[in-house]
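A.B. asks: First the structure, which I've put down as structure tokens, then a few questions once you've had a look.
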Amino acid sequence: GGCHTKKARTTTTTTPCPKTAAPDHETTGSVSTRGSEDSDNDEEVYHGEIDWPKKELEKTASTFTVRTQKMVWVAALEAYIDITQGDIDPEKHHVRARAARLRSNIFTIPNEEWSQEYDQVMEEFMAIMAMSSYHDVLEMAQAGLDALSTKLEVNVPPMKKLHFAKTISAKDSVMNDGIPFILRPLVTSMVLPERRDVAPLPPPEHVPPIYSHYKDFDGHNLQLNGDHAKSQLYTWSTYGCIESSAVSSACRMMDVEDRSELIKGKVFVLLGAAASMSPFDTLLKLGATMICVDLPSSQLSDMMQKVATQGPEGTVMYLPVMRGDGGAFLYGEMRQGGGTPGADLIRHAPELAKWITKLLPNKRLVLCNLATSFGEESVRLAAATDLITKYVCEKRPTTEISYILSPNNVHAVTKEMAEDAEMRLHENPRWHRLFNSFPTLLVPSNTWKYPLEGTDLRILNSISLNHGSHFALGQVIKMWRAMIMYAKGHVVSANVCPPTRKMMETAADNVFFSVDFDGVQHITPIVSFDILASKSLMAALMLHDTSNENCCSNPLSSKKVAHPLDLFVNNSVHGGLWRCPCLWSSLGMPSKVMRNTVWKDPGWCPKGALAPNPPPNTMVEPGLCSDRVA
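Just so you know, the numbering used here puts 534 at position 531 of the sequence shown, and the rest follows in order with no gaps.
Encoded structure:
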């Protein structure tokens, strides 16, 4: 696995990068490398990966990285406190007092209790952002990102000309081209569709596709076209699991006559190309040019094979090939003088940032941040992709950016969403009363009870505690960068995805926190999406945001958002979480009880979330289909 396939036409080329080693170091290929005469060893020793401060690494498991996490939140709060110092505006004075109080509270939370308290910190922090001005929110976001990128470290091994080993900040390792350390050699692998002796594949009629929760005999989601696709989108919106803006955007994509305009002159950079929510399949059908970055794996090999055998004429796939790394993940035989295609975003962030910047300089980049993880790695991964994004955008100002955000976070919702959730609370079925005696189950979100001063936004805590504080911070890092780059004039697509089976389900043993994705659908309007239905819809929204010049994702359009948090409200496919009357963290036990007491086939979908008229000639037998809906 992880090697070029026989049918794939591949070439390996060197891509020039700026010289980053000491001035007298030899430059060969794509990066600067140091001759063996400058090394004490026969082999080069390269920089380490982005990691936590050494002092944090010495902590026990219960307090691992907590100090750094706290410092990030405090830095963002202190930025707001400093810029509003002396402001006589009574509203700002009130918000400033809340920020100062939250800063003090963060310091008083014992490190051992952070895992149970961080969601309350994030909820109050997001409320402060919602009540702050556009400029103040950006200052807070920038301060938080700077604090994290300067606290995280990269180990630089001893060099003969430096005579000592040192650590530098993650920020300097990527952003500072003058840092004297050695970059790993990197070459470019290119995959093209194989030459066909027969007629070329016809262009697909319906791209980007929309998939339904209806399934065929083999359990595959059915692709919807034309009016059937639009009917399903409107049904989802009416049920409450996606917003009407997402329906309008997706329908607009289905009405595009010349689909080549969606990719013309663009290169889609997929950071985390093999991720579950990757738009790779949609882009492949369009014949797009893609730069795919992910760890070497069988999934990446399969993607290369797809380009070779299924890619329409004009499709191009570029991959990085790291050489001389010595890492255990570089497996497989060496071909064409190179290694296995793939790279580690955390370990190779400096090399990848410079490599991406130099590729195809005459085309517009669409930088898709898809990589995600859990545990402490999620923060380091988010920091790595954030620094790559920042570096590329500074070097290539026309770059467009895409994010897919988790619904399991603290989000700002509209007043209308909060009022809809309140109405649903009063309409809850009787079985909800079975859990009324348990204070931690089916807890009302109360977004309708706590309006914020100076804004119609409300704050919803949809955090899943079993994901942990690292995952939550990793999501906020993406939101902060999206706000900042949007304010700098970049097109930013930052859409919330729905709860998605197999991708977001975790193996957590805590029955109170872990939500069953089948049972939770008994709580309206929550819908658990299948991966195919979820990622195809998110791909359509990304293409809309990066091709429609008159949408709110374009800061130069007339629909520019009035507040940075509004950027994440538009096109939201939250799966019903934002309109659900109960907190996500309180749905664990009820979802499991309902799964075990009300039998439904695995993968079922509420009937109200299914379009009434499925496509003709594609329906499964009525009996089987009726078992799959509520």
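C-beta: ideal position from N, C-alpha, C; glycine also. If you're wondering where the values come from, they're calculated on a predicted model, not measured in any experiment.
1) Whose C-beta lies closer than 7 Å to the C-beta of Leu289 among residues of the same chain, with five residues either side of it excluded?
2) Under DSSP, the beta strand (DSSP E) around Ser496 begins and ends at which residues?
3) Ile480 by DSSP, collapsed to three states: which one?
4) Determine the DSSP secondary structure at Glu127, reduced to helix, strand or coil.
5) Determine the direct distance from the alpha carbon of His351 to that of Cys396, and round the result to whole angstroms.
6) Thinking C-beta only, is Leu148 closer than 7 Å to Trp483?
7) For Ile407, which residues in the same chain have their Cβ closer than 6 Å to its Cβ, ignoring the five residues on either side in sequence?
8) Which residue comes first and which comes last in the alpha helix (DSSP H) that contains Ala543?
9) Consult DSSP for Asn365 and reduce its assignment to one of helix, strand or coil.
10) Can you tell me which of His216, Glu354, Thr402 puts its alpha carbon nearest to the alpha carbon of Ile534?
11) Rounded to the nearest angstrom, how far is the Cβ of Thr170 from that of Glu379, given a contact under 8 Å?
12) Sorted by chain position, which residues of the same chain lie with C-beta nearer than 7 Å to Gly51's C-beta, five sequence neighbours on each side aside?
13) What distance in whole Å lies between the Cβ atoms of Val416 and Lys269, which are believed to be in contact at a cut-off of 8 Å?
14) Whether or not the region 440-454 and the region 572-585 are in contact is what I'm after, with contact meaning three or more pairs of Cβ atoms, one per stretch, closer than 8 Å; do they touch?
15) Would you call the region 601-611 and the region 462-477 touching, i.e. three or more CB-CB distances under 8 Å?
16) Where does Gly606 fall in DSSP's three states?
17) List, from N- to C-terminal side, the alpha helix (DSSP H) runs of 4 residues or more that fit wholly inside the region 238-278.
18) Is the separation between the beta-carbon of Met132 and that of Val140 shorter than 7 Å?
19) Please report the straight-line C-alpha distance between Thr392 and Val382, rounded to a whole angstrom.
20) Would you report the Cα separation of Ala490 and Pro558, rounded to the nearest angstrom?
21) Are Leu476 and Ser252 close, meaning C-beta to C-beta below 7 Å?
22) Kindly indicate which three-state DSSP category Lys218 falls into: helix, strand or coil?
23) Tell me which residue opens and which closes the beta strand (DSSP E) that Met2 is part of.
24) Where Met178 and Trp55 are concerned, what is the direct C-alpha to C-alpha distance, given to the nearest angstrom?
25) Alpha helix (DSSP H) containing Tyr83: first to last residue?
26) Taking buried to mean at least 16 other C-beta atoms within 10 Å of its own C-beta, is Tyr394 buried or exposed?
27) Looking at the unbroken beta strand (DSSP E) that takes in Leu225, where does it start and where does it end?
28) How far does the alpha helix (DSSP H) with Arg106 in it extend, from its first residue to its last?
29) Which term fits Leu546, buried or exposed, when burial requires 16 or more other beta carbons within 10 angstroms of its beta carbon?
30) With distances taken Cα to Cα, identify the nearest neighbour of Thr71 among Trp117, His429, Gln313.
31) According to DSSP, which residues form a beta bridge with Pro447?
32) Using 7 Å as the threshold, is the C-beta distance between Thr401 and Leu274 below it?
C.D. replies: Let me lay it out:
1) Val210, Arg262, Leu265, Ile266
2) 495-499
3) helix
4) helix
5) 18 Å
6) yes
7) Met280, Cys500, Met541
8) 534-550
9) coil
10) His216
11) With a Cβ gap of about 18 Å, Thr170 and Glu379 do not count as contacting.
12) Exclusion of the five residues before and after Gly51 leaves Val157, Asn158 as the residues of its chain whose Cβ lies within less than 7 Å of its Cβ.
13) With 8 Å as the limit, Lys269 and Val416 do not qualify as a contact, their Cβ atoms being about 32 Å apart.
14) Segment contact: the region 572-585 against the region 440-454, three or more CB-CB distances shorter than 8 Å; contact assigned.
15) no
16) Three-state DSSP puts Gly606 in coil, outside helix and strand.
17) 247-257
18) yes
19) So the alpha carbons of these two residues sit roughly 15 Å apart.
20) Roughly 7 Å between the two C-alpha positions.
21) no
22) strand
23) Because the chain in this structure spans residues 4 to 633, residue 2 falls outside the shown range and cannot be described.
24) 18 Å
25) 69-86
26) buried
27) 224-227
28) Segment 93-111, the alpha helix (DSSP H) holding Arg106.
29) buried
30) The residue with the shortest Cα to Cα distance from Thr71 is Trp117.
31) Cys585
32) no
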